[in-house]
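Some notes on the structure that comes next.
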Amino acid sequence: MGTLDLTNDSPDISAGRLDLGEYAINFDDAVSPLNPQTARVEANRCYFCYDAPCMNACPTGIDIPGFIRKIATGNLSGAAVRILEQNVLGGSCARDCPTEILCEQACVRKAEGENPITIGNLQRYAMDNGLDGMPHPFARAETTGRRVAVVGGGPAGLACAHRLAMLGHDVTIFEAREKLGGLNEYGVAEYKLAHDFAAREVAFIMEIGGIEVKLGTALGRDVTLSSLRSEYDAVFLGLGLGAVKALDCEGEELAGVFNAVDYIASIRQTDDFASLPIGRRIVVIGGGNTAIDIAVQAKRLGAEDVILVYRRGPDAMTATGHEQEFAQTNGVTIKHWARPLRIEGVDGHATRVIFEYTALDTSGKLIGTGREFIIETDMVFKAIGQSFVADPLREGTESPLELENGRIKADDEGRTSLEGVWAGGDCVAGGQDLTVESVQAGKLAAHSIDRALRK
621 MGTLDLTNDS PDISAGRLDL GEYAINFDDA VSPLNPQTAR VEANRCYFCY
671 DAPCMNACPT GIDIPGFIRK IATGNLSGAA VRILEQNVLG GSCARDCPTE
721 ILCEQACVRK AEGENPITIG NLQRYAMDNG LDGMPHPFAR AETTGRRVAV
771 VGGGPAGLAC AHRLAMLGHD VTIFEAREKL GGLNEYGVAE YKLAHDFAAR
821 EVAFIMEIGG IEVKLGTALG RDVTLSSLRS EYDAVFLGLG LGAVKALDCE
871 GEELAGVFNA VDYIASIRQT DDFASLPIGR RIVVIGGGNT AIDIAVQAKR
921 LGAEDVILVY RRGPDAMTAT GHEQEFAQTN GVTIKHWARP LRIEGVDGHA
971 TRVIFEYTAL DTSGKLIGTG REFIIETDMV FKAIGQSFVA DPLREGTESP
1021 LELENGRIKA DDEGRTSLEG VWAGGDCVAG GQDLTVESVQ AGKLAAHSID
1071 RALRK
């Protein structure tokens, strides 16, 4: 796998391709926020349905008609609190949640053939404007004296920790990286959560009190599951997905071939977008949100040609239709029905990718057609998905937790096969690996832990 330095001296990979002003524009918020007038007009389009289908479609169960009515009446603080009651990461979810396939898809106006209420934009408006000058809107209950370890400082862990602290328990978050935030801090496109929004949201969550944070502390390296179980009254695992799937094709080890998630993390953590090297011709392999995020950001870093290649058709992509359209309107070419056969290079650096056209046989199985084509490239980004790494759980030859489809098996409350251990978020089998689902999983697990500790 390639690295972000320029030691390969490829003439077509360089930093600083754009003027400084262009970087500021390209990595600003992709969606302009609503102003008071447009927010009020949009809020008044809502029918304020009883048993609203949009509310049922929200994984965290936000009272959507309730917070929109408060916007319509000018009560922005009330709207923000109504959102946070169910989703303490309501600000980031308003920005990167696929509302077009969740709440907005279920909007009654859409069913009537009209444009749905722009619920995500209204949620962002409330969160951005309703908390100014307010103290933290939630208070801790009387301390219970119970201690809970939360492993992982991503959306699931943060939601679980905040709710547990609110319920009066003392929480310690163990995070392997240098910052809390997980996917929001390291894994989404900069233009979705710009201007350190993820860090500011974490700071807001910490205002509840009762939460200790241990950064740079990894499960399996610095602490073990057995030690946490012996020291704490309960353990919540919000480990996320730690490994990037390999292409399993020849040439994957060449310089200029990158994991998309690593490069996105570099974009998220830099203070100088002009310092990031990017090629003129980019190939992205994958069909999910990560593939879209790296493709668009490569273009915004100054790449001239960005081609995203996916092995199936557009309907099979896990990236929503909205995301696919966004990529195409940002200069990304999406090519369907093709898979990589091998990556070829010169002097150890990738220079082209050989693809094979694919099709479905009569049984619906994906097959190669035998017809090939070539895309010349300077950089290749792998974005074909991530997988759960169970190794940190092992303290012998096997994991003490039951796994399912390569992830932790947990029930609807997050309870695992090991007494006193809960899990939630992307590390648990099932779901669509959405931030909003992780928030709900952390919240439900917190209440389950609370019930167990109070027995």
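Heads up: the sequence shown runs through residues 621 to 1075, numbered per the numbering used here. Positions of the beta carbon are idealized from the N, C-alpha and C atoms, including for glycine.
LYS834 to GLN706, Cα distance in whole Å?
26 angstroms
Any idea if GLY622 is buried or exposed, counting beta-carbon neighbours within 10 angstroms, 16 or more meaning buried?
Here the model assigns GLY622 a pLDDT of 42, short of 50, so the residue's position is not dependable, and the following value carries that caveat. Per the 10 Å Cβ criterion, buried.
Which value, in whole angstroms, describes the spacing of the CA atoms of GLU1024 and ASP1031?
Near 11 angstroms, if we compare the C-alpha coordinates of ASP1031 and GLU1024.
Taking only three categories from DSSP, how would you classify PRO685?
helix
How do the region 993-1005 and the region 902-918 stand: do at least 3 beta-carbon pairs fall below 8 angstroms, yes or no?
yes
Less than 7 angstroms between CB atoms is the rule here; does ARG702 satisfy it with respect to chain C?
Protein chains in the displayed structure number just one, and chain C is not present.
Assuming THR680 is part of the alpha helix (DSSP H), what are its boundary residues?
Segment: none, THR680 is in no alpha helix (DSSP H) and carries neither H nor E.
Helix, strand or coil for MET937 per DSSP?
DSSP places MET937 in coil when its eight states are reduced to three.
Taking the CB atoms as reference points, tell me whether GLY858 and GLY1045 lie closer together than 7 angstroms.
yes
Proximity below 7 angstroms, CB of VAL1009 to CB of GLY860:
It is not a contact, given that the beta carbons lie outside the stated cut-off.
Integer-rounded CB distance, given that ALA819 should sit under 8 angstroms from GLY807
Actually they are not in contact, since the Cβ atoms of GLY807 and ALA819 sit about 14 angstroms apart, beyond 8 angstroms.
Since TRP1042 sits in a beta bridge, which residues does DSSP pair it with?
PHE856 and ARG1035
Pick out whichever of ILE902, MET826, TYR811 and HIS789 has its Cα sitting closest to the Cα of ILE633.
ILE902
Would you report the Cα separation of THR953 and VAL768, rounded to the nearest angstrom?
48 angstroms
Counting beta carbon pairs with one atom in the region 774-787 and one in the region 880-895, are three or more of them shorter than 8 angstroms?
no
Tell me whether the region 862-878 and the region 786-795 touch, counting them as touching only if at least three CB pairs, one residue from each stretch, are closer than 8 angstroms.
no
Candidates VAL651, VAL708, ILE684 and THR693: which alpha carbon is nearest ARG660's?
THR693
Do you know how far the Cα of ASP683 is from the Cα of SER846?
39 angstroms
So LEU722 is in the beta strand (DSSP E); what residue range does that whole segment cover?
Where LEU722 is concerned, there is no enclosing beta strand (DSSP E), given that its DSSP letter is neither H nor E.
Three CB pairs or more closer than 8 angstroms across the region 637-652 and the region 662-682
no
Cβ-based neighbour list, ASN628, same chain, cut-off 6 angstroms, excluding 5 preceding and 5 following
With a pLDDT of 46 at ASN628, under the threshold of 50, the modelled position of this residue cannot be trusted; read the value that follows with caution. Cβ within range, chain order: ALA875 and HIS969.
Specify the secondary structure class of GLY990 as computed by DSSP and reduced to three states.
Of the three classes helix, strand and coil, the one that applies to GLY990 here is strand, per DSSP.
Test item: CB-CB of ALA1066 and LEU784 under 7 angstroms:
If you check the CB distance, ALA1066 and LEU784 come in under 7 angstroms.
Taking the alpha helix (DSSP H) that THR910 falls in, what are its first and last residues?
It spans 909-920 - the alpha helix (DSSP H) in which THR910 sits, taken as one unbroken run.
Are the beta-carbon atoms of LEU896 and ALA915 separated by less than 7 angstroms?
Their beta carbons are not under 7 angstroms apart, which means LEU896 does not touch ALA915 by this criterion.
Return the residue from the list ALA644, ALA726, LEU704 and SER850 that minimises the CA-CA distance to CYS666.
ALA726
What did DSSP end up calling PRO757 once you bin it into helix, strand or coil?
coil
Measuring only the C-alpha atoms, how far is VAL864 from ASP716?
Near 21 angstroms, if we compare the C-alpha coordinates of ASP716 and VAL864.
Measuring straight from C-alpha to C-alpha, what distance separates ALA958 and THR844?
43 angstroms
Thinking C-alpha only, which one of CYS669, GLN889 and GLN743 is nearest ARG702?
GLN743
Tell me whether SER652 sits in a helix, a strand or coil according to DSSP, three-state version.
coil
Going along the chain, which residues of its own chain have a beta-carbon closer than 7 angstroms to the beta-carbon of ARG760, five neighbours each way excluded?
Taken in chain order, the residues that qualify are ALA785, MET786, GLY788, ILE828, GLY829 and GLY830.
For ALA699, which residues of its own chain have a beta-carbon under 7 angstroms away from its beta-carbon, when the five flanking residues on both sides are left out?
PHE687, LYS690, ILE691, ALA746 and GLY750
What residue ranges within the region 965-1031 form continuous beta strand (DSSP E) runs of no fewer than 3 residues, ordered along the chain?
Taking only runs of at least 3 residues, the beta strand (DSSP E) segments lying wholly in the region 965-1031 are 969-980, 986-996 and 999-1002.
Return the residue from the list ALA854, GLU1015, LEU640 and ALA894 that minimises the CA-CA distance to THR1036.
ALA854
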